[in-house]
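**Student:** Numbering (the numbering used here), first residue to last: 2 to 222.
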Amino acid sequence: MPTGPMPPTKRTTGAPERRLLAQGCERLKLRLSEGQLDALWLHAQHLSRWGRRINLTSVLDPEQMIVRHVLDSLSVSPYLRGARLLDIGSGGGFPGLPLAIAHPDMQTVLLDSRRKKAEFLGHVAARIDLPNVAVARERIEKYRPDRKFDTHVARAVGPVQRLVEQTAPLCSAGSRLLIMKGRSPEAEVDALRHDGIRNATVVELRVPFLDAERNLVVIEF
């Protein structure tokens, strides 16, 4: 069984946020090694340092960062498919980096068009030592990789219908698009069905320690 990335040199298991992270992963039924938990925690620490400088996130409280970003990202784990994952508009690395850490057998590409954010993603992937992660600096509508992806995931990147239109050229038969949303996106999904996209469903996500509505749009191609 893969043990994930190398842990950072300084063990941080005593930090309350690190313990919260471990408890949350258990509730999500993710069996992660100490090295993987350390890597998730290290990503959050880097985000906290860089976030103030390049507007990566408005969530800077360590516990809220673990819950609202890391555990929220990991909550889509049961819906991943195949061996290649594309994170569209990755920003601070969510959900792509936590998913890549938790699923080291998946080859993951973090896509973002903004230079500073792409630099941050590359920095973190190198510091944590994630050989299964690559960073691409490009807009989704212009991105044309050499190989197709099995799963495409997006979080907080705009309307569902626009994202489907932008992603469709990248999808092949059997691939899946996962769109993370807050409040129920049933109206957006109904509009997709009206336009002829029938293989779209909405599932409720349960994020440990988060008292807020979270939903996932799952679209099969």
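Even for Gly, the Cβ is constructed at its ideal location relative to N, Cα and C.
At what residues does the beta strand (DSSP E) containing D191 begin and finish?
**Tutor:** Mapped onto the sequence shown, residue 191 falls at position 190. Element bounds for D191: not the beta strand (DSSP E) but the alpha helix (DSSP H), E187 to H195.
**Student:** Take T147 as the anchor and find which of V154, A137, L81 and E166 has the nearest alpha-carbon.
**Tutor:** Mapped onto the sequence shown, residue 147 falls at position 146. Contrary to the premise, residue 147 reads as Asp rather than Thr in this sequence. With distances taken between Cα atoms, D147 lies closest to A137.
**Student:** Have a look at G36 and L29 and give me their C-alpha separation to the nearest angstrom.
**Tutor:** In the sequence shown, counting from the first residue as 1, residue 36 sits at position 35. In the sequence shown, counting from the first residue as 1, residue 29 sits at position 28. If I take the Cα positions, the gap works out to 18 Å.
**Student:** Could you tell me the alpha carbon to alpha carbon distance between L43 and L87, rounded to whole angstroms?
**Tutor:** As a position in the sequence shown, residue 43 is number 42, starting the count at 1. As a position in the sequence shown, residue 87 is number 86, starting the count at 1. Computed Cα separation, rounded: 22 Å.
**Student:** If I'm right that L179 touches V219 with Cβ under 8 Å, what's the distance once you round it to whole angstroms?
**Tutor:** Locating residue 179 in the sequence shown gives position 178, where the first residue counts as 1. Locating residue 219 in the sequence shown gives position 218, where the first residue counts as 1. Indeed, because the Cβ distance is near 6 Å, the residues count as touching under 8 Å.
**Student:** What are the start and end residues of each continuous alpha helix (DSSP H) run of 4 or more residues lying completely inside the region 129-194, in chain order?
**Tutor:** Complete alpha helix (DSSP H) runs here, min 4: 161-168.
**Student:** How is A35 classed by DSSP in three states: helix, strand or coil?
**Tutor:** Taking the sequence shown and counting its residues from 1, the one referred to as residue 35 is at position 34. Reading off the sequence, residue 35 comes out as Glu, not Ala. Looking at E35 - three-state DSSP - the assignment turns out to be helix.
**Student:** DSSP three-state call for V77: helix, strand or coil?
**Tutor:** Looking up residue 77 in the sequence shown gives position 76. Reduced to three states, the DSSP call for V77 is coil.
**Student:** Helix, strand or coil: how does DSSP classify K11 here?
**Tutor:** The residue given as residue 11 occupies position 10 in the sequence shown. Confidence at K11 is low in this model, with a pLDDT of 47, below 50, so the placement of that residue should be treated as unreliable; the coordinate-derived value is given next. DSSP places K11 in coil when its eight states are reduced to three.
**Student:** In terms of residue numbering, what span does the beta strand (DSSP E) encompassing E221 cover?
**Tutor:** In the sequence shown, counting from the first residue as 1, residue 221 sits at position 220. It spans N216 to E221 - the beta strand (DSSP E) in which E221 sits, taken as one unbroken run.
**Student:** Measuring only the C-alpha atoms, how far is A174 from L81?
**Tutor:** Position 173 of the sequence shown holds residue 174. Position 80 of the sequence shown holds residue 81. Going by the C-alpha atoms only, they are around 15 Å apart.
**Student:** Using 8 Å as the cut-off, can you tell me whether the region 115-128 makes contact with the region 145-161, which would need three or more C-beta pairs spanning the two stretches below that distance?
**Tutor:** Short answer: they don't touch.
**Student:** If we require 4 or more residues per run, which alpha helix (DSSP H) segments fall completely within the region 45-105?
**Tutor:** As far as the region 45-105 is concerned, its whole alpha helix (DSSP H) runs of at least 4 residues are 63-66 and 97-103.
**Student:** Would you call the region 205-213 and the region 62-76 in contact, with 3 or more CB pairs under 8 Å?
**Tutor:** In short, these stretches touch, since the Cβ pair count reaches three.
**Student:** Rounding to the nearest angstrom, what Cα-Cα distance links D130 and A16 in this structure?
**Tutor:** The residue labelled residue 130 in the question sits at position 129 within the sequence shown. The residue labelled residue 16 in the question sits at position 15 within the sequence shown. Looking at the two C-alpha atoms, the distance is approximately 22 Å.
**Student:** Taking only beta-carbon positions, decide if P209 is within less than 7 Å of chain C.
**Tutor:** In the structure shown, chain C cannot be found, because there is only a single protein chain.
**Student:** Mind checking whether F95 and R156 have CB atoms under 7 Å apart?
**Tutor:** Taking the sequence shown and counting its residues from 1, the one referred to as residue 95 is at position 94. Taking the sequence shown and counting its residues from 1, the one referred to as residue 156 is at position 155. Result yes, Cβ atoms of F95 and R156 sit closer than 7 Å.
**Student:** Looking at the strands, I want to know which residues DSSP matches up with D108.
**Tutor:** If you number the sequence shown from 1, residue 108 lands on position 107. In the sequence as presented, Asp is not what sits at residue 108; that position holds Gln. In the DSSP output, where bridge partners are listed per residue, Q108 has R85.
**Student:** Between G97 and the rest of its own chain, which residues show a CB-CB distance below 6 Å, the 5 nearest in sequence each way excluded?
**Tutor:** In the sequence shown, the residue the question calls residue 97 occupies position 96. Counting only Cβ-Cβ distances below 6 Å, and skipping sequence neighbours, we find D88, S91, T109 and L111.
**Student:** What are the boundary residues of the beta strand (DSSP E) that A23 is part of?
**Tutor:** The residue labelled residue 23 in the question sits at position 22 within the sequence shown. Counting along the chain, A23 falls outside any beta strand (DSSP E), though it belongs to the alpha helix (DSSP H) covering P17 to R28.
**Student:** Rounded to a whole number of angstroms, what is the C-alpha to C-alpha distance between R19 and Q167?
**Tutor:** By one-based count along the sequence shown, residue 19 stands at place 18. By one-based count along the sequence shown, residue 167 stands at place 166. Rounded to the nearest angstrom, the two C-alpha atoms are 37 Å apart.
**Student:** With the cut-off set at 7 Å, would you say I102 and L41 are in Cβ contact?
**Tutor:** The sequence position of residue 102 within the sequence shown is 101, counting from 1. The sequence position of residue 41 within the sequence shown is 40, counting from 1. Contact: yes.
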